[in-house]
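Some notes on the structure that comes next.
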Amino acid sequence: MAQQYPEWIWQNGAIKPWKDATAHVMSHALHYGSSVFEGIRSYVTPEGAAIFRLTDHLKRLYLSAKIYDMALPYSQDDLAAACREVIRKNGLAAAYLRPVAYRGLGGFGLSAETPIDVAVAAWPMGPYLGPEALEVGITACVSSWQRFAPNTIPAGAKAGGNYLSGQLIAREARRLGFGEGIALASSGLLSEGAGENLFLVFDGVLHTTPASASILAGITRDTLKVLAREDGIEVVERDIPREYLYLADEILMCGTAAEITPIREVDGKQIGNGKAGRVTRRLQELYFGLFNGKTQDKWGWLEPV
Numbered sequence: 012m013a014q015q016y017p018e019w020i021w022q023n024g025a026i027k028p029w030k031d032a033t034a035h036v037m038s039h040a041l042h043y044g045s046s047v048f049e050g051i052r053s054y055v056t057p058e059g060a061a062i063f064r065l066t067d068h069l070k071r072l073y074l075s076a077k078i079y080d081m082a083l084p085y086s087q088d089d090l091a092a093a094c095r096e097v098i099r100k101n102g103l104a105a106a107y108l109r110p111v112a113y114r115g116l117g118g119f120g121l122s123a124e125t126p127i128d129v130a131v132a133a134w135p136m137g138p139y140l141g142p143e144a145l146e147v148g149i150t151a152c153v154s155s156w157q158r159f160a161p162n163t164i165p166a167g168a169k170a171g172g173n174y175l176s177g178q179l180i181a182r183e184a185r186r187l188g189f190g191e192g193i194a195l196a197s198s199g200l201l202s203e204g205a206g207e208n209l210f211l212v213f214d215g216v217l218h219t220t221p222a223s224a225s226i227l228a229g230i231t232r233d234t235l236k237v238l239a240r241e242d243g244i245e246v247v248e249r250d251i252p253r254e255y256l257y258l259a260d261e262i263l264m265c266g267t268a269a270e271i272t273p274i275r276e277v278d279g280k281q282i283g284n285g286k287a288g289r290v291t292r293r294l295q296e297l298y299f300g301l302f303n304g305k306t307q308d309k310w311g312w313l314e315p316v
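In this text, residue positions in the sequence shown follow the working numbering: the first is 12, and each later residue adds one.
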């Protein structure tokens, strides 16, 4: 089925038709991956449409840009307004938002000075890993591709070029018949999924890999840590060997797109009883409860459209 695009997009300060939001083929970002971006969701709540942790996502966008020496020509408030505008203009409520800033047409060298172009798109998106993934879980494999080593590419930046790694991991997994790939760090220890953070459950305790494992320390990951601790679930950040994937009682992937997706099998080995476990189900209840009103938003994470 062909992708259905929304009618409107925000680019460089103005709403315009989607088809008119173009970039030159010699733009720096196209050749060198010099872009930073965010993935953000809006949800329908009892109080109306709300964007989840918009401020935190945009803060990370600017921090990613800082790492790559990209001076964004718009303020964080400007981009927050742009996010709300594209949702309203396209008549959306539940939507996926993609703010992106990139080096445009200028010089052609790696360190060339170029304008920084900025766009914000919004479109409807269901479960990223498939319509049944949140309920029945997915299969996964440990990828033959490792994450980049420390002090090579900054994993803490959400930059376009970083996702070449994720593409290799995800496409290998799909080619081999798995729902998603899992990457090891250069140390040989567990890192993260192709585009998701990982949690493993042992005896009711939630374990996740640290920032030093070449992960993007995700906002959904942070959300789950906060919700779990609030609910009395212990959370531990630590190095995790590969084989612990096979020993875990439960495993879940999380991210803005993936939300909270159980993993029922890794490398052909069943995890737990082969379906979402008690802790995973509880985290799903708490997380989605933020949007249906069953979980109190004590942190001001829901920002009205």
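Each residue gets a CB set at the ideal place from its N, CA and C atoms; glycine is no exception.
For this session: Name the one or two DSSP bridge partners that T56 has.
Result: G59
Exercise. So L211 is in the alpha helix (DSSP H); what residue range does that whole segment cover?
Worked result: Looking at the DSSP string, L211 is not in any alpha helix (DSSP H); the run it does join, the beta strand (DSSP E), is N208 to F213.
For this session: Give the secondary structure of L116 by DSSP, where H, G and I count as helix, E and B as strand, and everything else as coil.
Result: coil
Problem set entry | Option nearest A106 by Cα separation, candidates K70, C265 and Y16 | Comparing Cα-Cα distances from A106 to each of K70, C265 and Y16, the minimum goes to Y16.
For this session: For L256, I'd like the list of residues in its chain whose CB is within less than 6 Å of its CB, leaving aside the five on either flank, ordered along the chain.
Result: In chain order, V277 place their CB closer than 6 Å to the CB of L256, counting only its own chain and leaving out the 5 sequence neighbours on each side.
Problem set entry | Segment contact flag, the stretch 143-153 with the stretch 89-97, C-beta cutoff 8 Å, min 3 pairs | no
For this session: Taking 8 Å as the cut-off, decide whether the C-beta atoms of T234 and L145 are in contact.
Result: no
Exercise. What did DSSP end up calling V36 once you bin it into helix, strand or coil?
Worked result: coil
Problem set entry | S75 vs V55 beta-carbon contact at 8 Å | Contact annotation: S75 and V55 have beta-carbon atoms that are not nearer than 8 Å.
For this session: Count the other C-beta atoms from every protein chain shown that fall within 10 angstroms of the C-beta of S225, then say buried if there are 16 or more, exposed otherwise.
Result: buried
Problem set entry | Cα-Cα separation, I20 to R182 | 29 Å
Exercise. In three-state terms, what does DSSP make of S225?
Worked result: coil
Exercise. Per DSSP, which one or two residues make a beta bridge with E276?
Worked result: T150 and Q281
Problem set entry | Candidates G117, L201 and D67, of which the one nearest P110 by Cα | D67
Problem set entry | I62 beta carbon less than 8 Å from that of E270 | No, the pair does not count as a contact, with Cβ atoms beyond the cut-off.
For this session: Give the secondary structure of T306 by DSSP, where H, G and I count as helix, E and B as strand, and everything else as coil.
Result: coil
For this session: Could you check which residue in M37, A133, S202 and E124 has the C-alpha nearest to that of Q157?
Result: S202
Problem set entry | Secondary structure, beta strand (DSSP E): runs of 3+ residues fully inside the stretch 72-121 | Look at the stretch 72-121 and you find these whole runs of beta strand (DSSP E), each 3 residues long or longer: 106-114.
For this session: Check whether the stretch 298-306 touches the stretch 248-264, taking contact to mean three or more Cβ pairs, one atom from each stretch, closer than 8 Å.
Result: no
Problem set entry | Simplified DSSP assignment, three categories, for D31 | helix
Exercise. So, helix, strand or coil for V316, using DSSP?
Worked result: In the structure shown, V316 sits in coil (DSSP, three-state: anything other than H, G, I, E or B).
Exercise. When you compare each of Y73, P84 and Y113 to T33 by their alpha carbons, which one comes out closest?
Worked result: Y113
For this session: Spatial neighbours of E96 within its chain, please: CB distance less than 7 Å, with the 5 preceding and 5 following residues excluded, ordered by chain position.
Result: W21 and I26
Exercise. Going along the chain, which residues of its own chain have a beta-carbon closer than 6 Å to the beta-carbon of K100, five neighbours each way excluded?
Worked result: W19 and I26
Exercise. Excluding five sequence neighbours on each side, which residues of the same chain lie with their C-beta closer than 6 Å to the C-beta of L211?
Worked result: H218, A259 and I262
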